[in-house]
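Student:
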Amino acid sequence: MNRNQSELLFSEAQEHILGGVNSPSRAFKGVGGGTPVFMKRASGAYFWDEDDNQYIDYLGAYGPIIAGHAHPAISQAIQTAAENGLLYGTPTKLENQFAKKLKDAIPSLEKVRFVNSGTEAVMTTIRVARAYTGRDKIVKFAGCYHGHSDLVLVAAGSGPATLGTPDSAGVTKNIAKEVITVPFNDIEAYRATLEKWGDEIAAVLVEPIVGNFGMVEPAPGFLQQVNELTHKHGALVIYDEVITAFRFMYGGAQDYLGVYPDMTALGKIIGGGLPIGAYGGRVDIMEKVAPLGPAYQAGTMAGNPASMSSGIACLDVLAEDGVYEHLNHLGEMLEDGLMKLARKHHVQATVNRVKGALTLYFGSETITNYDQANATNGEQFSIFFKSMLNQGINLAPSKFEAWFLTIKHTEQDIIKTLEAADYAFAEVAAT
Ligand code: PMP
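Going by our numbering, 228 is the number at position 218 of the sequence shown; the sequence numbering is gapless.
#1: Any idea what DSSP makes of Gly128, helix, strand or coil?
#2: Give a yes or no on whether the C-beta atoms belonging to Leu104 and Gly313 are separated by under 9 Å.
#3: Write down every uninterrupted run of the beta strand (DSSP E) in the segment 282-344 whose length is 3 residues or greater and which is fully enclosed by it, in chain order.
#4: Please state whether DSSP places Asp114 in a helix, a strand or coil.
#5: Beta-carbon within less than 8 Å of Tyr155's beta-carbon, same chain only, minus the 5 sequence neighbours each way: which residues are those?
#6: Taking Gly277 as part of the beta strand (DSSP E), name the residues at either end of that continuous run.
#7: Measuring CA to CA, which of Gly388, Leu368, Ile136 and Gly291 is closest to Asp346?
#8: Which of the three DSSP states, helix, strand or coil, is assigned to Phe108?
#9: Using three-state DSSP, classify Glu93 as helix, strand or coil.
#10: Would DSSP call Asn379 helix, strand or coil?
#11: Please report the straight-line C-alpha distance between Val47 and Leu246, rounded to a whole angstrom.
#12: How about the segment 279-287 and the segment 305-322: do they share at least three Cβ pairs that are nearer than 8 Å?
#13: Per DSSP, what are the beta-bridge partners of Ala52 in this structure?
#14: Using the rule of at least 16 other Cβ atoms within 10 Å of the residue's Cβ for burial, across every protein chain shown, is Pro193 buried or exposed?
#15: Given a threshold of 16 other Cβ atoms within 10 Å of its Cβ, counted over all protein chains shown, does Met11 qualify as buried or as exposed?
#16: Report all residues from its chain with a CB closer than 6 Å to the CB of Ile76; omit the five preceding and five following residues, and keep chain order.
#17: Which parts of the segment 170-200 are runs of the alpha helix (DSSP H), unbroken and 4 residues or longer, counting only runs that do not cross its ends?
#18: Determine the DSSP secondary structure at Ile425, reduced to helix, strand or coil.
#19: Could you give the distance in angstroms between the alpha-carbon of Pro374 and the alpha-carbon of Asp272?
#20: Using only CA atoms, which one of Ser33, Ala179, Ala263 and Asn237 lies nearest to Glu227?
#21: Could you tell me how far apart the beta carbons of Glu330 and Ile393 are, in whole angstroms, since I believe they sit closer than 8 Å?
#22: Three or more C-beta pairs under 8 Å: does that hold for the segment 112-122 against the segment 288-302?
#23: Are there three or more Cβ pairs, one per stretch, closer than 8 Å when the segment 335-354 is compared with the segment 81-96?
#24: Between which two residues does the alpha helix (DSSP H) carrying Lys242 extend?
#25: Please classify Leu325 as buried or exposed, where buried requires at least 16 other C-beta atoms within 10 Å of its C-beta.
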């Protein structure tokens, strides 16, 4: 496959844009380097690059594009919003409509606020939890990504239940000291954390179904126990549903699992492809936010008409009959096919899947936490990834990411993808 234009554009990009990309994972570092593909057009489940090569897309822009690229209803809603004026700086009826829609779908959101990204949503829930509890420390689970605000760019310490260390230059040691990282699915480590620091902890931040070291479900009872222990120690439970909300059903992962947090952060899908974030939760907690309360959060672009319109249109598409059945059906086909091919080529692999989101790991272990995901074979993933890309299948460029199906993928797309995977597994087996 000829990708001359991407080569040229990437060298030009590196002259002007730091690293040639505006978000680091796009630079193919997760697959041992290479030239990222410059896409110029997308429709439904497909991409076309600057050399006019066509791809079946499973990146879904890291998650938001569940309705497929350029969905006509979403595009039309954005166009109408643009014609009516892009930004007012005043309240609008659209904000009411969208807030109500979110609350109807995710009942734990007694009150919501719109922001512009998942990063902002999570960052603000932490601030509000601190304002509400009067405590400083936060617990997070190892390997979970919660955006790029200082507090959540903190890695695990050397053992379970240790204070964190900065995961990024520029995050101070003092900030890292406010964050405790424990392994996901390890309730004893969490219990030990609360016993040690319980009266200093404002909140625990949880991806109810992890999407950031592959798709990893909570062990039965894990989230219920997290809730119980957290509340016993007077702290709050925050769900980061930036990836998971509206991914598995029309609602949150919390509604899918039947376990509910005090506060929730949202993003990605709810913007239908435009920038968005939202947070919300119990009314007595949300009342800590300005203008009612002392915790400050604001935004020039927050609740802008285009993002609201796009989000409303996207949720309307997802509310149609059969959407999640379709995603699940194709996910199942893909999982079965990939596992059969791995066995055929004697490649050790495992698939974690929840409905239309899955991760293919190169390794035989069941993946329930970050250490296990981290121990899977990155070189094999890179070979597989590059082989798939060269055959016109666009995956996320990291062994830790998920494949996201959209409502526009078809059985025929899965069959084509599995034909490519047959060859890709053969290439993995040959090394
Ligand atoms: N939380 C989770 C679970 C995420 O996956 C991400 C982004 N991948 C974020 C927060 C940050 O969202 P954004 O990139 O919109 O700032």
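C-beta atoms are modelled at their ideal positions from N, C-alpha and C, and glycine is treated no differently.
Small disclaimer: the values here were computed from a predicted structure and weren't measured.
Tutor: In short:
#1: On the sequence shown, position 118 is the one that residue 128 refers to. It is helical.
#2: Counting from one through the sequence shown, the residue named residue 104 turns up at place 94. Counting from one through the sequence shown, the residue named residue 313 turns up at place 303. Against a cut-off of 9 Å, the Cβ pair of Gly313 and Leu104 comes out as a contact.
#3: Listed in chain order, the beta strand (DSSP E) runs fully inside the segment 282-344 are 287-291, counting runs of at least 3 residues.
#4: Residue numbering aside, residue 114 sits at position 104 when the sequence shown is read from its first letter. In the three-state reduction of the DSSP assignment, Asp114 falls in the helix class.
#5: Here the question's residue 155 lines up with position 145 in the sequence shown. Contacts found: Val162 and Asn222.
#6: Within the sequence shown, residue 277 is the residue found at index 267, counting from 1. Met273 to Gly277 is the span of the beta strand (DSSP E), which, as asked, contains Gly277.
#7: If you number the sequence shown from 1, residue 346 lands on position 336. Nearest C-alpha to Asp346: Leu368.
#8: Numbered from 1 along the sequence shown, position 98 holds the residue referred to as residue 108. In the three-state reduction of the DSSP assignment, Phe108 falls in the helix class.
#9: Residue mapping note: residue 93 aligns to position 83 of the sequence shown, counting from 1. Of the three classes helix, strand and coil, the one that applies to Glu93 here is helix, per DSSP.
#10: Your numbering for residue 379 matches position 369 in the sequence shown. In this structure, Asn379 counts as coil in the three-state DSSP scheme.
#11: On the sequence shown, position 37 is the one that residue 47 refers to. On the sequence shown, position 236 is the one that residue 246 refers to. Each residue's Cα considered, the two are about 42 Å apart.
#12: Three or more Cβ pairs drawn from the segment 279-287 and the segment 305-322 lie within less than 8 Å of each other, which places the two stretches in contact.
#13: Counting from 1 along the sequence shown, the entry for residue 52 is found at position 42. Its beta-bridge partners are Phe57.
#14: Position 183 of the sequence shown, counted from the first residue, corresponds to residue 193. Pro193 is buried by the Cβ-count criterion.
#15: Here residue 11 refers to the residue found at position 1 when the sequence shown is read from its first residue. Exposed, since its Cβ has fewer than 16 Cβ neighbours within 10 Å.
#16: By 1-based counting over the sequence shown, the position of residue 76 is 66. Answer for Ile76: Ile279 and Thr416, listed in chain order.
#17: Segments of the alpha helix (DSSP H) lying fully in the segment 170-200: 183-186.
#18: Along the sequence shown, one-based indexing puts residue 425 at 415. In the three-state DSSP reduction, Ile425 falls in the helix class (H, G or I).
#19: Counting from 1 along the sequence shown, the entry for residue 374 is found at position 364. Counting from 1 along the sequence shown, the entry for residue 272 is found at position 262. Sequence inspection shows Ser at residue 374; the Pro mentioned does not correspond to that position. Roughly 36 Å separates the two Cα atoms.
#20: Residue 227 sits at position 217 when you count from the first residue of the sequence shown. Nearest C-alpha to Glu227 among Ser33, Ala179, Ala263 and Asn237: Ala263.
#21: For the purposes of this step, residue 330 is identified with residue 320 of the sequence shown, where counting begins at 1. For the purposes of this step, residue 393 is identified with residue 383 of the sequence shown, where counting begins at 1. With 8 Å as the limit, Glu330 and Ile393 do not qualify as a contact, their Cβ atoms being about 39 Å apart.
#22: Cβ pair count under 8 Å is three or more, so yes.
#23: In this structure the segment 335-354 does not lie against the segment 81-96, because fewer than three pairs of beta carbons, one per stretch, are closer than 8 Å.
#24: Numbered from its first residue, the sequence shown carries residue 242 at position 232. Here the alpha helix (DSSP H) through Lys242 covers Phe232 to Lys242.
#25: For the purposes of this step, residue 325 is taken as the residue at position 315 of the sequence shown. Counting other Cβ atoms within 10 Å of its Cβ, Leu325 reaches 16 or more and is therefore classed as buried.
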